[in-house]
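What follows is one structure encoded as structure tokens, with my remarks underneath.
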Amino acid sequence: MSDIHELMIAVDLRDELSDQELAELSWHLGIGPQPERLSIVTAFPFVVVDDSGNPVIEDEPYPLLAGSGTASRVGGALCSALASRADLPRKGWSLTSRQEIHPDEFEQVGELLRWLATRAHETHLLGDDVVGIGYLRFHEARIPDPLRVDNGQVSWPA
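So the sequence shown is numbered by numbering that gives the first Met the number 0: it starts at 0 and just counts up by one.
See the structure below:
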């Protein structure tokens, strides 16, 4: 049995991203090289077994939303895009990403989603400190659940 979910992010970001943040965001989307220094999601821990058989935590950064091509479980294609918005009053950036994600990745991806929510255009505000960020759908479900960042926490649907 597979625990794969479809993650759909669609968010407009305010025009206040630094060059470093844009570079790292582009890397996470699979449309740019890995920057030397990471500041959005800084830790990518995973456990390996060393030569003595002891578990060791290592850190190996990887782009979180860089899937592309044919989706294996949710149908359709995986993709990510970041486009500049020059139109006022929503000047900034438009980000769209459709990915397959396993619950083991929720924490890491959640860190990126929380960062995006703090930079989301006001049109994504749903209320007091609640930001609509996209949708999550279990691969066998027909209807997606809204994905929100509420008071700095991602509300992963059950």
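Heads up, the beta-carbon is just placed ideally off N, CA and C, and yes, glycines get one too.
Check, Outcome
"I'd like to know whether the C-beta atoms of W92 and A85 end up nearer to each other than 8 Å.", "no"
"Touching or not, the stretch 2-15 and the stretch 110-130, by the rule of three or more beta carbon pairs under 8 Å?", "yes"
"Residue range of the alpha helix (DSSP H) that V108 falls in?", "F105 to T117"
"What do you get for H4, buried or exposed, if any count of 16 or more other CB atoms within 10 angstroms of its CB means buried?", "buried"
"Name the residue from L16, A65 and A140 whose alpha carbon lies nearest to the alpha carbon of K90.", "L16"
"Would you give the residue range spanned by the alpha helix (DSSP H) that A65 belongs to?", "Note, A65: premise wrong, no alpha helix (DSSP H); not H, not E."
"Any idea if R36 is buried or exposed, counting beta-carbon neighbours within 10 angstroms, 16 or more meaning buried?", "exposed"
"Measure the alpha-carbon distance for L94 versus S79 and round it to whole angstroms.", "8 Å"
"Considering A140, what are the terminal residues of the beta strand (DSSP E) in which it resides?", "First-last for A140: undefined, no H or E at that position."
"Can you tell me which of the three DSSP states P102 falls into?", "helix"
"If you drop the 5 nearest sequence neighbours on each side, which residues of the same chain put their C-beta closer than 7 Å to that of T69?", "A76"
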